[in-house]
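Notes to accompany the following structure.
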Amino acid sequence: MPTRIPLILGAGQFGAANTSERVSDPVVAQEFVDLMVSHGYVGVDTSRVCCDGTSEKRLDLKGVARIDTKVYPEKPGDHSAEKVKESFKASVEALNGKKIRVYYLHSPDRSVPFEDTLEAINDIYKAGGFEVFGLSNYMAFEVAEIVGICKLRGFVMPTVYQGVYNLIDRLTEDELFPCLRKFNIKFAVYAALAGGYLTDRFFVPGPDNKDIPLSKFEPDSKYAWFYTSRYYPAASAVAELKEVAHAHGLTLNEVALRWLQWHSKLQPEDLGVIVAASRKEQLQTSLDDSAKGSLPDAVVEACDATWKKARSAITKYWI
Numbered sequence: 001m002p003t004r005i006p007l008i009l010g011a012g013q014f015g016a017a018n019t020s021e022r023v024s025d026p027v028v029a030q031e032f033v034d035l036m037v038s039h040g041y042v043g044v045d046t047s048r049v050c051c052d053g054t055s056e057k058r059l060d061l062k063g064v065a066r067i068d069t070k071v072y073p074e075k076p077g078d079h080s081a082e083k084v085k086e087s088f089k090a091s092v093e094a095l096n097g098k099k100i101r102v103y104y105l106h107s108p109d110r111s112v113p114f115e116d117t118l119e120a121i122n123d124i125y126k127a128g129g130f131e132v133f134g135l136s137n138y139m140a141f142e143v144a145e146i147v148g149i150c151k152l153r154g155f156v157m158p159t160v161y162q163g164v165y166n167l168i169d170r171l172t173e174d175e176l177f178p179c180l181r182k183f184n185i186k187f188a189v190y191a192a193l194a195g196g197y198l199t200d201r202f203f204v205p206g207p208d209n210k211d212i213p214l215s216k217f218e219p220d221s222k223y224a225w226f227y228t229s230r231y232y233p234a235a236s237a238v239a240e241l242k243e244v245a246h247a248h249g250l251t252l253n254e255v256a257l258r259w260l261q262w263h264s265k266l267q268p269e270d271l272g273v274i275v276a277a278s279r280k281e282q283l284q285t286s287l288d289d290s291a292k293g294s295l296p297d298a299v300v301e302a303c304d305a306t307w308k309k310a311r312s313a314i315t316k317y318w319i
């Protein structure tokens, strides 16, 4: 059954061994993609920076999969025209020439004038390098500035924005969403499950009676700073939501995905919700949960109450 909002396979943790990867076998990666395609979804999302630059190499995929990837500024100057073109070339080589659907600026490099970066993006687009230009982790006024530059210079316009959004992280709704709707920019959701925080797994005791760790929250993860500061303060509120969910025979995972499908500010025309997993069974569960209908009113009210309690720790939607 198709979902109200499309789904996209998150492949940012597909990569070579010992690179913080969750899936390293290309055969398994292909199985994940085949499962998505069997449900009618063809988008696969990653970035040049993921798994130390090895994620894209795991995506030499067969079939109809469409790749969305990004250029991330790891240091000031990485969004210079020269560096952007170098990164794009590296992505194409890693993908073995597979066509890129969406090419994102993964995060702002404010050390480089936006116009310089956008000119490089436009050059790549005109050469047939990708189909759609996207932004990620920019402030709303920066999106508006970029739209203005692109209009003035005749550059390819950004038509997709990928941002953090889930039932305990809704800051995008206040100013970013109105900006995107004004400029007809579609939204793509990352952190739909708050890095795994919105899953029952986080609350299941391990053999030593400690919570099972989530990879993105582990101290050696490059993403730990983002997830721990953002979501740990909401622990008690999420625990309360879990109790409400269980009282209605639901899991946190299901509540989070159904909330995005039916009760969020997303629209069917948006690019989609990124879903990730380390096992096919997890991915199948997310596919099944996303295809279900709207939540009971009491659960929606509990979701809203959880957001109100969590909101003080969410200070920005950009990087």
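Oh and the sequence shown: position 291 is 291 in the UniProt record's numbering, straight run, nothing missing.
Note that the Cβ used here is the ideal one computed from N, Cα and C, for glycine as well.
query                                                                                                                                                             : result
Just to confirm the assignment, what range does the alpha helix (DSSP H) spanning residue 274 have?                                                               : Careful: residue 274 lies outside any alpha helix (DSSP H), inside the beta strand (DSSP E) at 272-275.
Taking the alpha-carbon positions, what's the residue 197 to residue 120 distance?                                                                                : 38 Å
By Cβ distance, which residues of its chain are closer than 8 Å to residue 149, with the 5 residues on each side in sequence left out?                            : 114, 115, 118, 155
Does DSSP put residue 105 in a helix, a strand or coil?                                                                                                           : strand
On a Cα-Cα basis, can you pick out the residue from 47, 108, 266, 301 that is closest to residue 90?                                                              : 47
Look at the alpha carbon of residue 293 and the alpha carbon of residue 287, and state the distance between them as a whole number of angstroms.                  : 13 Å
Using the Cα positions of residue 230 and residue 112, report the straight-line distance between them to the nearest angstrom.                                    : 28 Å
Short check: CB of residue 166 to CB of residue 256, under 8 Å?                                                                                                   : yes
Mapping the DSSP letters down to three states, classify residue 289 as helix, strand or coil.                                                                     : helix
Quick check on the DSSP output: the beta strand (DSSP E) that includes residue 45 runs from which residue to which?                                               : 43-45
Does the separation of the CB atoms of residue 146 and residue 85 fall below 8 Å?                                                                                 : no
To test your reading of the DSSP string, which unbroken alpha helix (DSSP H) runs of 4 or more residues are found completely within the segment 152-207?          : 176-182
CA-CA distance, residue 302 and residue 83?                                                                                                                       : 46 Å
Suppose you measure from the CA of residue 276 to the CA of residue 151; what does that come to, to the nearest Å?                                                : 35 Å
I'd like the list of long-range same chain contacts for residue 6, defined as Cβ closer than 6 Å, with 5 residues on each side in sequence excluded.              : 272
State the DSSP-derived secondary structure class of residue 300, mapped to helix, strand or coil.                                                                 : helix
How is residue 128 classed by DSSP in three states: helix, strand or coil?                                                                                        : coil
Kindly indicate which residue of 134, 199, 69 has the alpha-carbon position closest to the one of residue 158.                                                    : 134
Can you list, in chain order, the residues of its chain whose CB lies under 7 Å from that of residue 3, leaving out five sequence neighbours each side?           : 261, 290, 291
Pick from 10, 39, 316, 25: whose alpha carbon is nearest that of residue 70?                                                                                      : 10
In the DSSP assignment, find the unbroken beta strand (DSSP E) run with residue 9 in it and report its ends.                                                      : 7-10
Report back the beta-carbon spacing between residue 234 and residue 168 to the nearest angstrom; my notes put them in contact at under 8 Å.                       : 5 Å
What are the boundary residues of the beta strand (DSSP E) that residue 57 is part of?                                                                            : Counting along the chain, residue 57 falls outside any beta strand (DSSP E), and DSSP gives it neither H nor E.
Who are the near neighbours of residue 77 in its chain, counting only those whose CB is closer than 8 Å to its CB and skipping five residues on each side?        : 83, 109, 111, 112
Please report the residue range of the beta strand (DSSP E) in which residue 70 lies.                                                                             : 66-71
Could you round the C-beta distance between residue 94 and residue 131 to whole angstroms and report it? I think they count as a contact, below 8 Å.              : Contact doesn't hold; Cβ gap of about 18 Å is too wide.
Can you look up residue 91 in the DSSP assignment and give me helix, strand or coil?                                                                              : helix
So which of 143, 189, 315 has the shortest CA-CA distance to residue 176?                                                                                         : 143
Report all residues from its chain with a CB closer than 7 Å to the CB of residue 274; omit the five preceding and five following residues, and keep chain order. : 8, 10, 45, 188, 189, 190, 192
Does the beta-carbon of residue 341 have 16 or more other beta-carbons within 10 angstroms, so that it is buried, or is it exposed?                               : Outside the modelled stretch of the chain, which goes from 1 to 319, sits residue 341, for which no answer is possible.
What's the call for residue 58, buried or exposed, on a 16-neighbour Cβ count within 10 Å?                                                                        : buried
Roughly how many whole angstroms lie between the Cα atoms of residue 308 and residue 268?                                                                         : 26 Å
If the criterion is Cβ atoms closer than 8 Å, does the pair residue 23 and residue 32 meet it?                                                                    : yes
For residue 135, which of helix, strand or coil comes out of DSSP?                                                                                                : strand
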